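**Q** Offset between the sequence shown (1-based) and the working numbering: plus 24.
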Amino acid sequence: MHTTFRIGEIQQINECERLWQVNLTLTADTDQLLARLTEKMREEIKGSTGWHRLGKLLIKLGALEQAEELYLTLLCVEYDDNQRRHFYHCLGLIKYSLGNYAEAIAFYEKALQICQQTLPPNHPNLAASYNNLASVYVNMHNYLEALSFAEKAIKISEDSLPANHPDLAAAYNNIGGLYFRMGEYSKALTFHQKDLEIRQKALPCNHPSLATSYHNIGLLHNTMGHYSEALSFHDKALGIQKKILPPNHPDLAQTSDSIGSVYENMGQYSNALSFYEQSLSIRQQALPVNHPDLATSYSHVGSIYGRIGEYTKALFYQKKTLEIREKKSSSNHAELIVTLNEIGSLYDSMRDYSNALSFYQQAIEICRNILSPIHPDLASVYNNIGLTYDNMEEYAKALSYHEKAIEIRQKLLPLNEHSLATSYNNIGRVYYKMEEYIKALSFHEKALDIRKKILPSNHLDLAASYNNIGSVYENMGDYAKAILFYEQDLAICEVSLPPTHPDLATSYNNIASAYAKTGDYSKSLLCHEKALDVRKMKMLSNTAPCYYILCRCCCSFVPNLDG
Numbered sequence: 025m026h027t028t029f030r031i032g033e034i035q036q037i038n039e040c041e042r043l044w045q046v047n048l049t050l051t052a053d054t055d056q057l058l059a060r061l062t063e064k065m066r067e068e069i070k071g072s073t074g075w076h077r078l079g080k081l082l083i084k085l086g087a088l089e090q091a092e093e094l095y096l097t098l099l100c101v102e103y104d105d106n107q108r109r110h111f112y113h114c115l116g117l118i119k120y121s122l123g124n125y126a127e128a129i130a131f132y133e134k135a136l137q138i139c140q141q142t143l144p145p146n147h148p149n150l151a152a153s154y155n156n157l158a159s160v161y162v163n164m165h166n167y168l169e170a171l172s173f174a175e176k177a178i179k180i181s182e183d184s185l186p187a188n189h190p191d192l193a194a195a196y197n198n199i200g201g202l203y204f205r206m207g208e209y210s211k212a213l214t215f216h217q218k219d220l221e222i223r224q225k226a227l228p229c230n231h232p233s234l235a236t237s238y239h240n241i242g243l244l245h246n247t248m249g250h251y252s253e254a255l256s257f258h259d260k261a262l263g264i265q266k267k268i269l270p271p272n273h274p275d276l277a278q279t280s281d282s283i284g285s286v287y288e289n290m291g292q293y294s295n296a297l298s299f300y301e302q303s304l305s306i307r308q309q310a311l312p313v314n315h316p317d318l319a320t321s322y323s324h325v326g327s328i329y330g331r332i333g334e335y336t337k338a339l340f341y342q343k344k345t346l347e348i349r350e351k352k353s354s355s356n357h358a359e360l361i362v363t364l365n366e367i368g369s370l371y372d373s374m375r376d377y378s379n380a381l382s383f384y385q386q387a388i389e390i391c392r393n394i395l396s397p398i399h400p401d402l403a404s405v406y407n408n409i410g411l412t413y414d415n416m417e418e419y420a421k422a423l424s425y426h427e428k429a430i431e432i433r434q435k436l437l438p439l440n441e442h443s444l445a446t447s448y449n450n451i452g453r454v455y456y457k458m459e460e461y462i463k464a465l466s467f468h469e470k471a472l473d474i475r476k477k478i479l480p481s482n483h484l485d486l487a488a489s490y491n492n493i494g495s496v497y498e499n500m501g502d503y504a505k506a507i508l509f510y511e512q513d514l515a516i517c518e519v520s521l522p523p524t525h526p527d528l529a530t531s532y533n534n535i536a537s538a539y540a541k542t543g544d545y546s547k548s549l550l551c552h553e554k555a556l557d558v559r560k561m562k563m564l565s566n567t568a569p570c571y572y573i574l575c576r577c578c579c580s581f582v583p584n585l586d587g
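(1) Measure from the alpha carbon of A126 to the alpha carbon of each residue in Q141, C139, V160, P148, then state which is nearest.
(2) For L437, which three-state DSSP category applies?
(3) Which residues bound the alpha helix (DSSP H) around T524?
(4) Should Q137 go down as buried or exposed, given a rule of 16 or more other Cβ atoms within 10 Å for buried?
(5) Whose C-beta lies closer than 8 Å to the C-beta of L88 among residues of the same chain, with five residues either side of it excluded?
(6) What are the start and end residues of the alpha helix (DSSP H) that includes S396?
(7) With burial defined as no fewer than 16 other Cβ atoms inside 10 Å of the residue's Cβ, what is the status of P19: buried or exposed?
(8) To the nearest angstrom, how far is the alpha carbon of K541 from that of N499?
(9) Return the chain-ordered list of same chain residues with a C-beta closer than 6 Å to the C-beta of N197, the five sequence neighbours on each side being excluded.
(10) Taking the alpha-carbon positions, what's the S285 to I180 distance?
(11) Give the single residue among I241, G368, P271 whose Cα lies nearest to the Cα of L261.
(12) Going by the beta-carbon positions, is the gap between R307 and L318 smaller than 7 Å?
(13) By DSSP, does V162 sit in helix, in strand, or in coil?
(14) According to DSSP, is P148 part of a helix, a strand, or is it coil?
(15) Locate the alpha helix (DSSP H) running through S481, then write down its first and last residues.
(16) By the three-class DSSP mapping on this structure, what secondary structure does P228 have?
(17) Can you grab the Cα-Cα spacing for the pair H258 / Y251, in whole Å?
(18) Going along the chain, which unbroken runs of the alpha helix (DSSP H) with 4 or more residues stay wholly within the stretch 235-323?
(19) Quick check: the Cα distance between E208 and L439, rounded to an integer number of angstroms?
(20) What span of residues does the alpha helix (DSSP H) with N198 cover, start to end?
(21) For Y95, which three-state DSSP category applies?
(22) Three Cβ pairs or more, each shorter than 8 Å: is that satisfied between the stretch 509-521 and the stretch 529-539?
(23) Can you tell me whether DSSP reads R375 as helix, strand or coil?
(24) If we ignore side chains and look at the alpha-carbon of each, how far apart do V101 and H110 end up?
(25) State whether the stretch 453-460 contacts the stretch 474-484, with contact taken as three or more CB pairs (one from each stretch) at a distance under 8 Å.
(26) Excluding five sequence neighbours on each side, which residues of the same chain lie with their C-beta closer than 6 Å to the C-beta of N272?
(27) Name the residue from Y461, Y545, H483, E511 whose alpha carbon lies nearest to the alpha carbon of M290.
(28) By Cβ distance below 8 Å, which residues in the same chain neighbour Y238 in space, the five residues on each side in sequence not counted?
(29) Can you tell me the Cα-Cα spacing of D376 and N393, whole angstroms?
(30) Alpha carbon to alpha carbon, how far is L465 from V362? Give it in angstroms, no decimals.
(31) Based on Cα-Cα distance, which residue from A158, S481, L244 lies nearest to Y132?
(32) Would you tell me roughly how many angstroms separate the C-alpha atoms of L94 and D485, rounded to the nearest one?
(33) Would you call D191 buried or exposed, if buried means 16 or more other Cβ atoms sit within 10 Å of its Cβ?
(34) For I332, tell me which candidate among P316, Y322, S294, S303 has the shortest Cα-Cα distance.
(35) Out of Q217, G249, D275, point me to the one whose CA is closest to H231's CA.
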């Protein structure tokens with residue numbers, strides 16, 4: 025009785041009989057780390073009655089449906105305003121965790137109303153209510169509403185709480201997550217680091233909230249292209265979660281999902297698929313069949329299959345995503361728009377342009393019905409339609425839709441500058457194909473200017489801009505400038521990509537092409553050989569063009585030696 029073990033290792037013994045061996049280590053009374061964590065957990069689930077404590081514990085364990093049933097029952101009993109506020113808060117948290125955002129807002133607003141009626145305007149509980157509402161609006165992609173609540177929470181928290189209070193950390197975490205979604209990465213990192221500093225001082229080193237802080241900073245580094253840092257922070261989060269959470273806890277799925285995303289961005293698709301499938305497996309066990317996080321897992325698995333060209337599998341998973349999000353669309357239209365957009369993009373990759381445009385049109389109809397005419401999701405759909413018309417070589421239509429996207433994105437400044445850079449890049453691509461190189465150069469330079477301002481110096485989007493400008497100069501016959509920009513592209517790719525990534529091979533090929541046109545065949549040959557080495561390491565199917573290019577390069581090079 026009352027014996028605590030550490031889980032050391034879990035091994036499957038017999039797959040057919042589903043037998044597992046769990047290696048346990050007995051803890052001792054002198055285990056200070058366990059004692060500190062236990063005391064902190066007791067503090068976090070304390071309550072005036074056993075029912076109150078049970079409800080908090082159920083939420084901590086991820087038993088959300090049981091927790092909801094308990095709190096709804098407690099609401100039927102007469103309690104004072106403070107206790108009812110707490111019940112509404114917990115029900116809002118449960119609905120938020122289940123992805124029922126409209127219901128979450130309803131409960132959180134009831135809690136806020138009680139706070140406003142019974143508490144002074146700078147009370148920490150009021151800040152907590154504002155924080156909760158901000159979190160929901162972030163997940164509904166309503167960032168301006170979220171920012172309004174988050175800023176109120178920060179002001180109250182900074183005025184009323186000690187500098188190392190966990191609720192202040194939560195406020196910093198929320199506004200950091202919001203700025204992350206809005207594309208303001210430097211602001212996001214500042215707030216997430218403040219959150220982490222507080223939690224490192226105030227919490228045990230194996231506390232789940234500390235894992236959340238590590239996870240969020242990992243997300244930010246992933247988006248900024250700092251992949252090794254991202255993996256480091258996610259590994260810290262996963263290490264804590266594996267020690268203290270049940271094996272099917274949703275937080276484990278979330279961290280596995282995030283690690284998969286890092287590997288996807290690094291081009292390591294087999295690793296990415298492995299982590300995405302781990303996340304999916306946990307969510308299938310732990311969540312309701314129509315939970316939005318389950319839809320996210322299906323979408324991520326589908327994304328990987330799309331990247332490796334297995335479009336039938338990709339469509340299968342994306343349509344499972346769509347099925348869930350269509351059922352949940354009343355509470356989160358934004359995710360449905362994203363899914364329709366992704367399926368349209370997938371059909372575009374399959375060159376099934378009519379189906380691509382059909383799904384984009386469905387997304388636009390929803391946008392026009394429920395969103396502001398300058399909503400960023402509408403701009404994303406316009407952007408993708410522009411890409412499809414670009415691929416169809418209907419350049420006038422492509423420009424028209426890209427210009428619609430730019431019009432929205434310019435009105436949203438200074439938010440989402442990275443999206444505006446994407447639009448400039450895409451218009452540059454259209455003009456490049458139309459052989460209007462001066463216009464192409466102008467738009468690619470606009471994209472580069474923004475990316476240099478907001479992205480780290482080794483980000484792959486910067487590499488793409490350097491490559492695009494290099495291509496324009498090469499086609500204009502200015503090979504010296506082309507080489508200059510290709511070299512900047514290559515320098516980033518060599519640092520930020522694994523040595524087997526196909527984009528690295530492309531960078532070597534591009535700079536080799538420019539060297540050949542200047543008559544510097546020795547450098548051209550060297551770069552082509554490096555491109556071939558990359559493709560051979562990856563066992564890519566398109567090595568034949570590399571051999572062909574090498575052959576042509578050698579044919580040009582040999583007469584030059586004779587001369």
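For glycine and all other residues, C-beta sits at the position ideal for the given N, C-alpha and C.
It should be emphasised that the depicted structure is a prediction, and the values quoted were computed from it without experimental measurement.
**A** Once the coordinates are examined:
(1) In the sequence shown, the residue the question calls residue 126 occupies position 102. Taking only the C-alpha atoms, the option nearest A126 is V160.
(2) What you label residue 437 is simply residue 413 of the sequence shown in a count that begins at 1. Of the three classes helix, strand and coil, the one that applies to L437 here is coil, per DSSP.
(3) Translated into the one-based positions of the sequence shown, residue 524 becomes position 500. Premise fails: T524 is in no alpha helix (DSSP H) and is neither H nor E.
(4) Within the sequence shown, the letter at position 113 stands for residue 137. By the 10 Å Cβ count, Q137 comes out exposed.
(5) Counting from 1 along the sequence shown, the entry for residue 88 is found at position 64. L82, I118, S121, L122.
(6) Position 372 of the sequence shown, counted from the first residue, corresponds to residue 396. Premise fails: S396 is in no alpha helix (DSSP H) and is neither H nor E.
(7) One cannot answer for residue 19 here, as it falls past the ends of the chain, which runs 25 to 587.
(8) One-based indexing of the sequence shown puts residue 541 at position 517. One-based indexing of the sequence shown puts residue 499 at position 475. Cα to Cα, the separation comes out at about 11 Å.
(9) Walking along the sequence shown from the start, residue 197 turns up at place 173. These residues qualify, in order along the chain: D219.
(10) For the purposes of this step, residue 285 is taken as the residue at position 261 of the sequence shown. For the purposes of this step, residue 180 is taken as the residue at position 156 of the sequence shown. Near 35 Å, if we compare the C-alpha coordinates of I180 and S285.
(11) Along the sequence shown, one-based indexing puts residue 261 at 237. Sequence check: residue 261 is Ala here, not Leu. For A261, the nearest C-alpha among the options comes from I241.
(12) Numbered from 1 along the sequence shown, position 283 holds the residue referred to as residue 307. Numbered from 1 along the sequence shown, position 294 holds the residue referred to as residue 318. For R307 and L318, yes; Cβs fall inside 7 Å.
(13) Indexing the sequence shown from 1 puts residue 162 at position 138. Looking at V162 - three-state DSSP - the assignment turns out to be helix.
(14) Residue 148 sits at position 124 when you count from the first residue of the sequence shown. In the structure shown, P148 sits in a helix (DSSP, three-state: H, G or I).
(15) Residue numbering aside, residue 481 sits at position 457 when the sequence shown is read from its first letter. Here S481 belongs to no alpha helix (DSSP H), and DSSP marks it neither H nor E.
(16) Locating residue 228 in the sequence shown gives position 204, counting from the first residue. In the structure shown, P228 sits in coil (DSSP, three-state: anything other than H, G, I, E or B).
(17) If you number the sequence shown from 1, residue 258 lands on position 234. If you number the sequence shown from 1, residue 251 lands on position 227. Straight-line Cα distance between these residues: approximately 10 Å.
(18) 251-268, 274-289, 293-310
(19) Taking the sequence shown and counting its residues from 1, the one referred to as residue 208 is at position 184. Taking the sequence shown and counting its residues from 1, the one referred to as residue 439 is at position 415. Roughly 7 Å between the two C-alpha positions.
(20) If you number the sequence shown from 1, residue 198 lands on position 174. Where N198 is concerned, the enclosing alpha helix (DSSP H) stretches over 190-205.
(21) Within the sequence shown, residue 95 is the residue found at index 71, counting from 1. If DSSP states are grouped into helix, strand and coil, Y95 belongs with the helices.
(22) yes
(23) Along the sequence shown, read from residue 1 onward, the residue named residue 375 stands at position 351. Coil.
(24) Against the sequence shown, residue 101 aligns to sequence position 77. Against the sequence shown, residue 110 aligns to sequence position 86. In a straight line, the C-alpha of V101 is about 14 Å away from that of H110.
(25) no
(26) Position 248 of the sequence shown, counting from 1, holds the residue named residue 272. I306, Q309, A310, listed in sequence order.
(27) For the purposes of this step, residue 290 is taken as the residue at position 266 of the sequence shown. Among Y461, Y545, H483, E511, the Cα nearest to that of M290 is on H483.
(28) Position 214 of the sequence shown, counted from the start, is the residue given in the question as residue 238. Same-chain partners within the cutoff: L220, F257, H258, K260, A261, I264.
(29) Taking the first residue of the sequence shown as 1, we reach residue 376 at position 352. Taking the first residue of the sequence shown as 1, we reach residue 393 at position 369. When rounded, the distance between both Cα atoms is 27 Å.
(30) Position 338 of the sequence shown holds residue 362. Position 441 of the sequence shown holds residue 465. C-alpha separation (whole angstroms): 31 Å.
(31) Taking the first residue of the sequence shown as 1, we reach residue 132 at position 108. When only C-alpha atoms are compared, the closest one is A158.
(32) On the sequence shown, residue 94 is found 70 positions in, with the first residue counted as 1. On the sequence shown, residue 485 is found 461 positions in, with the first residue counted as 1. Their Cα atoms are separated by approximately 49 Å.
(33) Within the sequence shown, residue 191 is the residue found at index 167, counting from 1. By the neighbour-count rule (16 or more Cβ atoms within 10 Å), D191 is buried.
(34) Residue mapping note: residue 332 aligns to position 308 of the sequence shown, counting from 1. Looking at the Cα atoms, S294 is the closest of the given residues.
(35) Here residue 231 corresponds to residue number 207 of the sequence shown, with the count starting at 1. It is D275 whose Cα lies nearest to the Cα of H231.
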